[in-house]
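Data block below; observations after.
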Amino acid sequence: MKSLARETSPRPATTWHRPLRPEGAQADGPRTAQNDGDRRTRLVMREQQAARLRSNCFPELKLRNPLWDMLVALLAAKRSGSQLSMSDLCLMSDAPESTALRLIHQLREKGYADMVPDRSDRRRTRVTLTTLGEAQFDLYLDRFDLV
Numbered sequence: 335m336k337s338l339a340r341e342t343s344p345r346p347a348t349t350w351h352r353p354l355r356p357e358g359a360q361a362d363g364p365r366t367a368q369n370d371g372d373r374r375t376r377l378v379m380r381e382q383q384a385a386r387l388r389s390n391c392f393p394e395l396k397l398r399n400p401l402w403d404m405l406v407a408l409l410a411a412k413r414s415g416s417q418l419s420m421s422d423l424c425l426m427s428d429a430p431e432s433t434a435l436r437l438i439h440q441l442r443e444k445g446y447a448d449m450v451p452d453r454s455d456r457r458r459t460r461v462t463l464t465t466l467g468e469a470q471f472d473l474y475l476d477r478f479d480l481v
């Protein structure tokens with residue numbers, strides 16, 4: 335039976351270090367606010383795709399993190415200029431409704447999300463990412479881009 339622990343056999347250095355940019359890839363142009371926003375949006379989409387891929391490859395395991403899924407959804411909504419309702423977030427998180435609602439309130443209490451009444455339907459509450467939440471995400475995405 336093969337061990338799942340990291341192998342200790344010597345390997346060429348190229349297999350241990352992943353390059354920051356694939357060989358032959360062109361360097362990005364000068365950084366502008368628009369390019370930076372587009373890059374971050376691509377990183378968010380990559381993160382969402384990676385989460386879906388993990389779930390699809392390991393269907394018998396619960397690899398999703400509902401709180402993280404909510405944060406990513408809130409950022410994607412903010413970047414696209416839309417807002418999500420609490421029920422939207424509950425459905426997107428793939429968690430029981432009581433857990434999802436508790437997590438939404440936790441995001442609000444920590445200052446990452448705001449809850450605002452829907453202007454057209456007072457029964458609904460919209461959830462948006464705060465400036466703090468967006469700043470923390472930008473910090474994360476900048477570091478994620480370096481990995």
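Okay, so the sequence shown: first residue is 335 according to this note's numbering, each after it adds one. Yeah, the Cβ is synthetic: ideal placement off N, Cα and C, and Gly gets one too.
Legend entry - Assumed close pair V532, Q383 - CB separation to whole angstroms, cut-off 8 Å: Here the chain has residues from 335 to 481 only, and residue 532 is not among them.
Legend entry - Span of the alpha helix (DSSP H), counted from its first residue to its last, around P400: P400 to S414
Inset, instruction - Would you mind stating whether L401 and V378 have Cβ atoms separated by less than 8 Å? - result: no
Inset, instruction - Return helix, strand or coil for T464, following the three-state DSSP convention. - result: coil
Inset, instruction - Ignore the nearest five residues each way along the sequence and tell me which others in L423's own chain have a CB closer than 7 Å to its CB. - result: M404, A407, A434, I438 and V461
Inset, instruction - Alpha carbon to alpha carbon, how far is D455 from E431? Give it in angstroms, no decimals. - result: 21 Å
Inset, instruction - Classify L418 as helix, strand or coil using the three-state DSSP reduction. - result: strand
Inset, instruction - Determine the contact status of Y446 and G467, defining contact as a CB-CB distance below 8 Å. - result: yes
Legend entry - Option nearest E443 by Cα separation, candidates R458, M426, D472 and T464: Residue T464 is the option with its Cα nearest to E443.
Inset, instruction - Inspect the beta-carbon positions of T459 and S419 and report whether they are closer than 8 Å. - result: yes
Inset, instruction - Determine the extent of the beta strand (DSSP E) in which A434 is found, giving its start and end residues. - result: Careful: A434 lies outside any beta strand (DSSP E), inside the alpha helix (DSSP H) at E431 to E443.
Legend entry - Length of the line joining the Cα atoms of K396 and R436: Each residue's alpha carbon lies about 19 Å from the other.
Inset, instruction - Check D472 in the structure and name its three-state DSSP category. - result: helix
Inset, instruction - Closer than 7 Å by C-beta to A411: which residues in its own chain qualify, once you throw out the five before and the five after it? Chain order, please. - result: These residues qualify, in order along the chain: Q417 and L418.
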